[in-house]
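Before any comments, here is the structure.
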Amino acid sequence: MDTIFAQATASGRAGVSIVRLSGDQAFNIASNYCKIPPVGRTGLRSVCAIDGALIDRALILCFEAGASFTGERVVEFHVHGGLATVAKLLSELSNCGGCRLADPGEFTRRALENGQLDLNQVEALSDLIDAETESQRQQAIRVLDGSFGDAGEGWRGDLLRAAALLEASIDFSDEEIPEDLYVEVAGLVSQTQESILAILERSTVASKIRSGFTVAIVGAPNVGKSTLLNAIAGRQAAITSDVAGTTRDIIEVRVDLKGLAVTFLDTAGLRNSEDEIEKLGISMAYDRSDTADIRIFLVKSYEEDLPFLARLDDFVVLNKGDQRPADGLSVSGITGVGVSELLQMIADKLLQKTPTDVVAIRERQVAGLRAAEASLVKTLKLTSQTPLPFELASQELYFALSELDFVFGKIDIESVLDEIFSSFCLGK
Numbered sequence: 007m008d009t010i011f012a013q014a015t016a017s018g019r020a021g022v023s024i025v026r027l028s029g030d031q032a033f034n035i036a037s038n039y040c041k042i043p044p045v046g047r048t049g050l051r052s053v054c055a056i057d058g059a060l061i062d063r064a065l066i067l068c069f070e071a072g073a074s075f076t077g078e079r080v081v082e083f084h085v086h087g088g089l090a091t092v093a094k095l096l097s098e099l100s101n102c103g104g105c106r107l108a109d110p111g112e113f114t115r116r117a118l119e120n121g122q123l124d125l126n127q128v129e130a131l132s133d134l135i136d137a138e139t140e141s142q143r144q145q146a147i148r149v150l151d152g153s154f155g156d157a158g159e160g161w162r163g164d165l166l167r168a169a170a171l172l173e174a175s176i177d178f179s180d181e182e183i184p185e186d187l188y189v190e191v192a193g194l195v196s197q198t199q200e201s202i203l204a205i206l207e208r209s210t211v212a213s214k215i216r217s218g219f220t221v222a223i224v225g226a227p228n229v230g231k232s233t234l235l236n237a238i239a240g241r242q243a244a245i246t247s248d249v250a251g252t253t254r255d256i257i258e259v260r261v262d263l264k265g266l267a268v269t270f271l272d273t274a275g276l277r278n279s280e281d282e283i284e285k286l287g288i289s290m291a292y293d294r295s296d297t298a299d300i301r302i303f304l305v306k307s308y309e310e311d312l313p314f315l316a317r318l319d320d321f322v323v324l325n326k327g328d329q330r331p332a333d334g335l336s337v338s339g340i341t342g343v344g345v346s347e348l349l350q351m352i353a354d355k356l357l358q359k360t361p362t363d364v365v366a367i368r369e370r371q372v373a374g375l376r377a378a379e380a381s382l383v384k385t386l387k388l389t390s391q392t393p394l395p396f397e398l399a400s401q402e403l404y405f406a407l408s409e410l411d412f413v414f415g416k417i418d419i420e421s422v423l424d425e426i427f428s429s430f431c432l433g434k
């Protein structure tokens, strides 16, 4: 396999930049430019070009195969982060003939191929790099530390045990098979099915941590929706006016709310209108409100009819909170009265839903777990039959195992790998 190199830190001026060299020839190639330190120790070295000219004084780290991020021999050059310095070192490596520039995500792909990471940890690493909020970081870390993979190994072990019991029973008559065998098989399958189902039930909300929650502000025209959005955003994100029907489109503001990524939507005022453009905006308001995780109904009075039925997680909020006594939840986008309290209540409601344990957050993972769970349900139905159809039950178990292997990257899924690694940056 080729020895590869790339800048592992972001491009641009920095105090320090890291250039990573990975592959069987990493030590030999790095020795052309400096005296490399022993494995496991750092060394400050003069890094020189092939013609002897000094490139930089750099910190050098060497990792033996099996002890590096990629699982291969790795040398890291920690050079000063000037653009010219990094460019000169990369140019020298390009011209040495023994290595090539890494493709996007190739270091991580080698970590997967060498067993340093499983497929879900690879995706979690991408999520960790892209994390904008604390909850996204924590969720990525939970997968990256191997918790999801550990759960998968447990499922796989139980199902392999159940499959082995069924396979061993095929060659024997019913009289020779212990009755408790059926109980053990059913117990192993049922336990795994329930565990997978529990993760699937939490995955819908967990995926929202990665993509972000949505909160729609809805109400009649001129009730203060745009002013409230501006107060939440801390800037003028939406135009405000005394003229009813100013908002014709959906205005979106994404904020970090107590560590959660939340997009607030300012929607068109809901009323009967003859204006075709305004009618389109009202239609969009209904559509986006229907798919929002939470709706804020901004009203002038608790007695007024809501434009549509409120859900359990929705809030009904009085406007002009600075001009009325505190007889309920009220806000003022102009003065900020009640806005912090409303945001705290929204955050509390979302955090109550947010899982803090193992979950599947990618559609690929969810689809695979659903397919595996469906096969396990079929297996349980078969194990309840008399006589037990061993071949059919065993086949369903292997279907479930195959789906789990797909989820955890235990089988060849080149097309999936190509798609995943195409989103990685160069040097990762």
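Just so you know, we're using our numbering here: the sequence shown kicks off at 7 and counts up by one. Glycine included, every Cβ here is placed at the ideal spot set by N, Cα and C.
Separation of residue j from residue i, as counted between CA atoms
i    : j    : result
L357 : I10  : 43 Å
S23  : T15  : 6 Å
A250 : G275 : Residue confidence for A250 is low, a pLDDT of 45 falling below 50, so the modelled location carries little weight; the figure read from the coordinates is stated next. Taking the straight line from one Cα to the other gives about 8 Å.
A513 : L271 : There is simply no residue 513 to check, as the chain begins at 7 and stops at 434 in what is shown.
V305 : D164 : 55 Å
C68  : V128 : 23 Å
I205 : I215 : 15 Å
G415 : K384 : 24 Å
A20  : R116 : 27 Å
D411 : G327 : 56 Å
S4   : K355 : Residue 4 lies beyond the residue range present for the chain, which begins at 7 and ends at 434; the question has no answer from this structure.
L96  : A55  : 11 Å
F396 : Q371 : 29 Å
V149 : P227 : 45 Å
S336 : G72  : 60 Å
A59  : K41  : 15 Å
L386 : Q197 : 11 Å
N101 : S132 : 30 Å
S217 : V80  : 34 Å
V413 : F113 : 21 Å
T233 : A316 : 22 Å
F405 : T389 : 16 Å
G230 : K264 : 24 Å
A399 : R208 : 28 Å
R143 : A90  : 33 Å
R368 : L166 : 25 Å
E379 : I147 : 25 Å
S213 : M290 : 24 Å
L134 : T360 : 18 Å
Closest Cα partner of residue i within the set the options
i    : options                : result
A298 : G163, L318, L407, R167 : L318
L203 : A373, G334, A90, P395  : A373
G87  : Q13, L315, L388        : Q13
V45  : C54, F33, Y39          : F33
V195 : S213, V365, G160, F83  : G160
E78  : D136, M7, T341, A59    : M7
T273 : K264, R376, Q145, P313 : P313
I256 : Q144, G287, E112       : G287
D57  : L99, E70, E82, I66     : L99
L118 : S17, G155, E207        : G155
T48  : E82, L394, C105        : E82
A467 : I352, C105, A366       : Absent from the structure is residue 467, since the part of the chain shown begins at 7 and ends at 434.
L125 : T392, M290, D151, I300 : D151
E309 : V322, I300, S153       : V322
L407 : L394, Q391, L382, T392 : L382
P43  : I61, D62, E70          : E70
Q350 : L394, V268, E402       : V268
S28  : S74, G18, D62          : S74
Rounded Cβ spacing between residue i and residue j (contact assumed at less than 8 Å)
i    : j    : result
L266 : S141 : 5 Å
V25  : Y39  : Not quite, the Cβ-Cβ distance comes to about 10 Å (not below 8 Å), so this is no contact.
L324 : G334 : 6 Å
A239 : V261 : 7 Å
Q122 : T76  : 7 Å
Q199 : G104 : Not quite, the Cβ-Cβ distance comes to about 52 Å (not below 8 Å), so this is no contact.
A64  : H84  : 6 Å
In DSSP terms, what residue i is bridged to
i    : result
S23  : V85
G62  : Residue 62 is actually Asp in this sequence, not Gly. D62 is bridged to V53.
Q13  : V25
V268 : F219, V261
T198 : Note: T198 sits in no beta bridge, so no partner.
I302 : I223, F321
R143 : Answer is none; R143 lacks a bridge partner.
F69  : V80
S336 : L324
R106 : I10
Q. Looking at C-beta atoms only, is the number of pairs between the segment 168-175 and the segment 189-197 that lie closer than 8 Å three or more?
A. yes
Q. Taking three-plus beta-carbon pairs below 8 Å as touching, is the segment 216-233 in contact with the segment 285-295?
A. yes
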